[in-house]
Amino acid sequence: MPEFELIMKSIQSLVDIAASGKIHAKHLDLLRAQVSDAQQRHAQAEALVHELQSKCLALEQSLEQCQLKLKRFANDNPFGHRCDHCGGVDLRLTGQQPAQTGAEFGLRDGIYLCRVCQHTSVHAMPPPG
Ligand SMILES: [Zn+2]
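Whatever position you read off the sequence shown (first residue = 1), add 157 for this note's numbering.
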């Protein structure tokens, strides 16, 4: 009888181990699925980072171009005149002439070339002094 109980205990122990193994296998499957999901999300995040880096680089280049344009604008058209033809502000002072009104007071007109439409506009220069 004790031998039979010992055998039954051993069988029960083997059944417990087998059941435990199935549970571990299920946990392992769940972990594999979670790892796969995490790897997929990581790849998506890396792609997003790459895309954002590209956009950031493009924006930095655009900003640099805007800064150059602004600097040129500040140097070439400091009074913010607008082209008489297209309304653009990307003008360059190419010459001066006595003002149509007020020349007797030393007033002068500036002749501006528009970089957008290539036409010239005449705008009053600020009074000297
Ligand atoms: Zn123009």
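Even glycine gets a Cβ: it sits at the ideal position worked out from N, Cα and C.
Compute the minimum distance between the beta carbon of GLY245 and the heavy atoms of ligand 1, and state whether it is under 7 Å. Within the sequence shown, residue 245 is the residue found at index 88, counting from 1. Checking every heavy atom of ligand 1 against the Cβ of GLY245, one is found closer than 7 Å.
Inter-stretch contact at 8 Å, needing at least 3 Cβ pairs: the segment 208-217 / the segment 235-247: no
Beta strand (DSSP E) segment containing ARG249, residue limits: If you number the sequence shown from 1, residue 249 lands on position 92. 248-255 is the span of the beta strand (DSSP E), which, as asked, contains ARG249.
Those residues which DSSP pairs with LEU270 across a bridge: Numbered from its first residue, the sequence shown carries residue 270 at position 113. Its beta-bridge partners are ARG249 and THR277.
Rounded C-alpha distance that separates GLN197 from ILE164: Taking the first residue of the sequence shown as 1, we reach residue 197 at position 40. Taking the first residue of the sequence shown as 1, we reach residue 164 at position 7. Answer to the nearest angstrom: the Cα atoms are 49 Å apart.
Confirm, please, whether the CB-CB distance from VAL273 to ASP247 is below 8 Å. Position 90 of the sequence shown holds residue 247. Position 116 of the sequence shown holds residue 273. It is a contact, given that the beta carbons lie within the stated cut-off.
Within 10 Å of its beta-carbon, does ASN234 have 16 or more other beta-carbons around it, so buried, or fewer, so exposed? In the sequence shown, counting from the first residue as 1, residue 234 sits at position 77. So ASN234 counts as buried.
Measuring alpha carbon to alpha carbon, tell me which of ASP173, THR251 and ILE174 ends up nearest THR277. Residue 277 sits at position 120 when you count from the first residue of the sequence shown. Nearest C-alpha to THR277: THR251.
Considering only the alpha carbon of each residue, which of GLY267, GLY245, GLY259 and ILE168 lies closest to GLN253? As a working note, residue 253 is residue 96 in the sequence shown. Minimum Cα distance to GLN253 is reached at GLY267.
From ARG189 to LEU227, what does the alpha carbon distance come to, in whole angstroms? Here residue 189 refers to the residue found at position 32 when the sequence shown is read from its first residue. Here residue 227 refers to the residue found at position 70 when the sequence shown is read from its first residue. Near 56 Å, if we compare the C-alpha coordinates of LEU227 and ARG189.
For ligand 1, is there any heavy atom lying closer than 7 Å to the beta carbon of HIS280? Counting from one through the sequence shown, the residue named residue 280 turns up at place 123. For ligand 1, not one heavy atom lies less than 7 Å from the Cβ of HIS280.
Residue of GLN218, LEU264 and GLN275 minimising C-alpha distance to GLY286: In the sequence shown, the residue the question calls residue 286 occupies position 129. Considering only alpha carbons, the answer is LEU264.
Looking at ALA281 and ALA260, is the spacing between their C-beta atoms short of 8 Å? Here residue 260 is taken as the residue at index 103 of the sequence shown, counted from 1. Here residue 281 is taken as the residue at index 124 of the sequence shown, counted from 1. Going by C-beta atoms, ALA260 is not nearer than 8 Å to ALA281.
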